[in-house]
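Trainee: So the protein lines, in turn, are chains A and B.
full-length UniProt numbering numbers the first residue of the first sequence as 1 and each following residue consecutively.
full-length UniProt numbering numbers the first residue of the second sequence as 1 and each following residue consecutively.
In this text, a Cβ means the ideal position worked out from N, Cα and C, and glycines have one as well.
Remember, it's a predicted structure, so these values are computed and weren't measured experimentally.
First the structure, which I've put down as structure tokens, then a few questions once you've had a look.
2 protein chains.
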Amino acid sequence: MATDDLSDLNALIEMMAKLPGLGPRSARRAVLHLIKKRDTQMQPLSRMLTHVAETARACLNCGNISTLEVCSICASEKRANGQICVVEEVSDLWAMERSGMFGGRYHVLGGTLSPLDDIGPEALRMPRLKDRITSEAVQEVILALNATVDGQTTAHYIAGELAHTGVAMTTLAQGVPIGGELDYLDDGTISAALSARKEMPR
Amino acid sequence: MATDDLSDLNALIEMMAKLPGLGPRSARRAVLHLIKKRDTQMQPLSRMLTHVAETARACLNCGNISTLEVCSICASEKRANGQICVVEEVSDLWAMERSGMFGGRYHVLGGTLSPLDDIGPEALRMPRLKDRITSEAVQEVILALNATVDGQTTAHYIAGELAHTGVAMTTLAQGVPIGGELDYLDDGTISAALSARKEMPR
Numbered sequence: 001m002a003t004d005d006l007s008d009l010n011a012l013i014e015m016m017a018k019l020p021g022l023g024p025r026s027a028r029r030a031v032l033h034l035i036k037k038r039d040t041q042m043q044p045l046s047r048m049l050t051h052v053a054e055t056a057r058a059c060l061n062c063g064n065i066s067t068l069e070v071c072s073i074c075a076s077e078k079r080a081n082g083q084i085c086v087v088e089e090v091s092d093l094w095a096m097e098r099s100g101m102f103g104g105r106y107h108v109l110g111g112t113l114s115p116l117d118d119i120g121p122e123a124l125r126m127p128r129l130k131d132r133i134t135s136e137a138v139q140e141v142i143l144a145l146n147a148t149v150d151g152q153t154t155a156h157y158i159a160g161e162l163a164h165t166g167v168a169m170t171t172l173a174q175g176v177p178i179g180g181e182l183d184y185l186d187d188g189t190i191s192a193a194l195s196a197r198k199e200m201p202r
Numbered sequence: 001m002a003t004d005d006l007s008d009l010n011a012l013i014e015m016m017a018k019l020p021g022l023g024p025r026s027a028r029r030a031v032l033h034l035i036k037k038r039d040t041q042m043q044p045l046s047r048m049l050t051h052v053a054e055t056a057r058a059c060l061n062c063g064n065i066s067t068l069e070v071c072s073i074c075a076s077e078k079r080a081n082g083q084i085c086v087v088e089e090v091s092d093l094w095a096m097e098r099s100g101m102f103g104g105r106y107h108v109l110g111g112t113l114s115p116l117d118d119i120g121p122e123a124l125r126m127p128r129l130k131d132r133i134t135s136e137a138v139q140e141v142i143l144a145l146n147a148t149v150d151g152q153t154t155a156h157y158i159a160g161e162l163a164h165t166g167v168a169m170t171t172l173a174q175g176v177p178i179g180g181e182l183d184y185l186d187d188g189t190i191s192a193a194l195s196a197r198k199e200m201p202r
């Protein structure tokens with residue numbers, strides 16, 4: 001593989017191997033697969049990748065990925081229901097959208113507070129969130145951060161920062177996931193589910 | 001995700017999900033990762049993908065993937081040692097090259113004989129292999145096909161086709177892989193290793 005005419009191929013394999021979920025071995029397989037399907041898969045993929053690399057950007061309002069300056073969720077009047085759901089990453093926003101249960105808008109922090117990594121409130125788009133609470137007449141902020149230490153710390157920080165605005169603040173319920181078996185759940189989840197137990201409907 | 005400005009993103013995710021080893025979920029992660037690293041990873045990857053899609057082709061002589069008409073292995077006089085190693089796929093050629101133990105040239109069949117799938121001797125580049133035996137003064141053909149039923153059937157077919165040329169024909173040894181534990185090996189491998197047992201060096 002140290003031959004000259006393969007250096008581009010090797011460079012491509014190395015780049016593919018940097019993708020999450022792929023390693024050197026699966027990157028080789030993926031590249032060979034693509035070259036075999038050059039017309040039906042490789043060329044469409046390279047064109048679309050180039051196109052998205054040129055056009056995808058963060059929505060100026062909420063931080064969602066969009067090909068427009070303001071994403072379609074922020075642009076839609078239907079989504080202006082007075083609710084903002086605060087999430088860590090765009091992937092969390094997509095997960096919420098897949099559930100199809102949320103009709104409001106989002107605010108993507110782009111991470112969690114991390115003084116050691118120099119990630120402060122500005123990096124998390126906090127000033128913009130405060131502006132939006134007045135400009136979009138928000139009544140409820142749903143803090144849908146991950147149930148990790150970092151996520152919950154950040155949620156508490158945001159709750160403190162927004163306390164003076166008088167906006168209602170909620171978080172996602174914690175408990176047993178749908179389909180979850182108690183035997184396979186960690187102690188923390190069982191404790192949380194027990195503390196937050198609800199009366200059975202009669 | 002049904003919003004208009006995301007259709008390109010979704011198309012890209014669908015294309016990535018078709019790669020071997022990736023599914024819808026890991027394709028989403030990979031695309032988000034790329035968009036986050038637009039300048040350092042996404043743009044170089046899209047450029048290299050376009051470049052390779054335009055330049056990669058099958059070597060006219062052996063079927064290896066190359067950016068030249070004749071791959072560097074076929075072009076190298078050093079590799080003309082009278083040996084041709086016949087492999088099923090380019091990935092097998094790469095695996096042989098990684099071992100660094102083979103100094104001859106290759107012949108990539110591009111699959112195995114499969115009458116049901118309409119893969120006959122011509123599709124496997126057999127005529128070209130016969131030509132090469134004379135034109136490259138080949139003394140030994142190493143049949144390095146996979147140790148599967150299809151691979152071995154194809155190996156026997158090739159051996160029959162080349163019998164009249166008088167060229168020496170060998171196959172890879174079968175046995176216990178290096179580092180292999182007997183307890184985890186299948187019966188077929190153990191049987192093959194036992195039949196092909198060798199005297200201990202003294």
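Going by DSSP, which residues form a beta bridge with B:H107?
Mentor: Here residue 107 of chain B corresponds to residue number 107 of the second sequence, with the count starting at 1. Answer is B:V86, bridged to B:H107.
Trainee: Measure the C-alpha to C-alpha separation of A:I178 and A:V138 and round it to an integer number of angstroms.
Mentor: Taking the first sequence and counting its residues from 1, the one referred to as residue 178 of chain A is at position 178. Taking the first sequence and counting its residues from 1, the one referred to as residue 138 of chain A is at position 138. One C-alpha to the other measures close to 30 Å.
Trainee: My assumption, with CB atoms under 8 Å, is that A:S66 sits in contact with A:R79. Please give the rounded CB distance.
Mentor: Along the first sequence, one-based indexing puts residue 66 of chain A at 66. Along the first sequence, one-based indexing puts residue 79 of chain A at 79. Incorrect: roughly 13 Å between the Cβ atoms, too far for contact.
Trainee: Less than 8 Å between the C-beta atoms of A:R29 and A:C62, yes or no?
Mentor: In the first sequence, the residue the question calls residue 29 of chain A occupies position 29. In the first sequence, the residue the question calls residue 62 of chain A occupies position 62. Their beta carbons are not under 8 Å apart, which means A:R29 does not touch A:C62 by this criterion.
Trainee: Under a Cβ-count criterion, where at least 16 other Cβ atoms within 10 Å of its own Cβ denotes burial, should B:E199 be classed as buried or exposed?
Mentor: Position 199 of the second sequence holds residue 199 of chain B. The residue is exposed, with fewer than 16 neighbouring Cβ atoms inside 10 Å.
Trainee: List the endpoints of the continuous beta strand (DSSP E) containing B:L143.
Mentor: Here residue 143 of chain B refers to the residue found at position 143 when the second sequence is read from its first residue. Counting along the chain, the beta strand (DSSP E) containing B:L143 begins and ends at 140-143.
Trainee: Report yes if the C-beta distance between B:L109 and B:L124 is below 8 Å; otherwise report no.
Mentor: By 1-based counting over the second sequence, the position of residue 109 of chain B is 109. By 1-based counting over the second sequence, the position of residue 124 of chain B is 124. Yes, Cβ-Cβ distance for B:L109 and B:L124 is below 8 Å.
Trainee: Hey, A:L143 and A:I158 are a contact pair by Cβ (cut 8 Å); roughly how many whole angstroms apart?
Mentor: If you number the first sequence from 1, residue 143 of chain A lands on position 143. If you number the first sequence from 1, residue 158 of chain A lands on position 158. The pair is a contact, with the Cβ atoms about 6 Å apart (cut-off 8 Å).
Trainee: So with CB distances below 7 Å, who are the chain B contacts of A:Q43?
Mentor: Sequence index remark: in the first sequence, residue 43 of chain A carries index 43 (1-based). Correct list: A53.
Trainee: Shorter than 8 Å from the beta carbon of A:G179 to some beta carbon of chain B?
Mentor: Translated into positions along the first sequence, residue 179 of chain A becomes position 179. So, not an interface residue.
Trainee: Please state if the CB of A:A168 and the CB of A:E136 are separated by a distance shorter than 8 Å.
Mentor: Locating residue 136 of chain A in the first sequence gives position 136, counting from the first residue. Locating residue 168 of chain A in the first sequence gives position 168, counting from the first residue. Contact: no.
Trainee: Identify the contact partners of B:G188 in chain A, using a Cβ-Cβ distance below 7 Å as the criterion.
Mentor: For the purposes of this step, residue 188 of chain B is taken as residue 188 along the second sequence, with counting starting at 1. Simply none; closest approach about 25 Å.
Trainee: Within 10 angstroms of the Cβ of A:E54, are there 16 or more other Cβ atoms? Answer buried if so, exposed if not.
Mentor: Locating residue 54 of chain A in the first sequence gives position 54, where the first residue counts as 1. With fewer than 16 Cβ atoms within 10 Å of its Cβ, A:E54 is classed as exposed.
Trainee: List the residues of chain E that B:I65 touches, going by C-beta distances under 7 Å, in chain order.
Mentor: The chain labelled as chain E is not found among the protein chains of the depicted structure, namely A and B.
Trainee: To which residues of the same chain is B:G188 closer than 8 Å at the C-beta, ignoring the five residues directly before and after it?
Mentor: Indexing the second sequence from 1 puts residue 188 of chain B at position 188. The answer is none, since no qualifying residue turns up.
Trainee: For A:A193, which three-state DSSP category applies?
Mentor: Within the first sequence, the letter at position 193 stands for residue 193 of chain A. Reduced to three states, the DSSP call for A:A193 is helix.
Trainee: With which residues is A:I119 paired in a DSSP beta bridge?
Mentor: Residue numbering aside, residue 119 of chain A sits at position 119 when the first sequence is read from its first letter. Paired residues: A:S114.
Trainee: Starting from the beta carbon of B:A56, find every residue of chain A whose beta carbon is closer than 7 Å, and list them in chain order.
Mentor: As a first step, residue 56 of chain B is located in the second sequence; it is residue number 56 there, counting from the start. In chain order: L9, I35.
Trainee: Against B:P20, what residues of chain A qualify as contacts under a CB-to-CB distance less than 8 Å, listed in chain order?
Mentor: On the second sequence, residue 20 of chain B is found 20 positions in, with the first residue counted as 1. Ordered by position in chain A, the residues that pass the 8 Å Cβ test against B:P20 are S26, R29, A30, H33.
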